[in-house]
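In mature numbering (1 follows the signal peptide of the UniProt record, and there is no 0), the protein residues as written are -17 to -1, 1 to 180.
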């Protein structure tokens, strides 16, 4: 009997650890928006002080679009996207609807290392989520943001998508970009960063 109870407890622990994080906006996005805005405001007063590295140069990833999502309740949340054409960006479906809170409009911030200051800002309410997006199981987590025409520049370019010759990317290195965390024990700054995995 004790062995069965222990097996059930272990199975429950493994199942709960494997569950995807739900409700992105209330658990992460809204808090991150407030933290990033505060950090950007602080940088305007103290300069570009970053511990453990430097911010990626503007234009290093001209396809990256920061997202400021105005939620139906009036809060602001943050996410990221990749520009895939002159009028579309690719993002996660949970950035628009996380299963609990839905977006009302999104500002795509292009050509900037900051979310709340600078860059080209494109407003959209036209977000199409994958028709089988399931926030409870976290499957088909993909969406397209349709936007007005975005002018291209050295700092704003669509990401190069793979040709049809590629059907798998197993074992291929990938580069991540987004707003990374740096900390010196006193000041927390969110800066646009990059890394390879």
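Where is the CB? At the ideal position from N, CA and C, for every residue including glycine.
Computed from a predicted structure; not experimentally measured.
Residue i burial status per 10 Å Cβ neighbour count (16 or more: buried)
i	result
residue 49	buried
residue 146	exposed
residue 71	buried
residue -6	Note that residue -6 has pLDDT 38, beneath the 50 cutoff, so the model's placement of it is unreliable and the number below is only indicative. Exposed.
residue 118	buried
residue 51	buried
residue 101	exposed
residue 129	exposed
residue 114	exposed
residue 144	exposed
residue 7	buried
residue 155	exposed
residue 80	buried
C-beta atoms of residue i and residue j nearer than 7 Å
i	j	result
residue 181	residue 54	Summary: the structure shown does not reach residue 181, with the chain confined to residues -17 through 180, and so no result is reported for it.
residue 141	residue 46	yes
residue 126	residue 74	yes
residue 124	residue 76	yes
residue 60	residue 111	no
residue 89	residue 68	no
Opposing strand residues paired with residue i [DSSP bridges]
i	result
residue 95	Bridge partners of residue 95: none, in fact.
residue 62	50
residue 151	DSSP, once it has assigned bridges, lists no residue as partnering residue 151.
residue 104	92
residue 127	73, 111
residue 132	BP columns for residue 132 are empty, so no partner.
residue 86	54
residue 10	DSSP output for residue 10 lists no bridge partner at all.
Contact test: residue i Cβ vs the ligand SAH heavy atom, cutoff 6 Å
i	result
residue 100	Among the ligands in the structure shown, none appear at all, so the ligand SAH cannot be discussed.
Inter-residue CB distance, residue i and residue j (contact presumed, cutoff 8 Å)
i	j	result
residue 56	residue 11	Their Cβ separation, rounded to whole angstroms, is 16 Å, which puts residue 56 and residue 11 out of contact at 8 Å.
residue 64	residue 91	6 Å
residue 39	residue 136	Contact doesn't hold; Cβ gap of about 17 Å is too wide.
residue 96	residue 153	Not really, about 32 Å apart at Cβ, beyond 8 Å.
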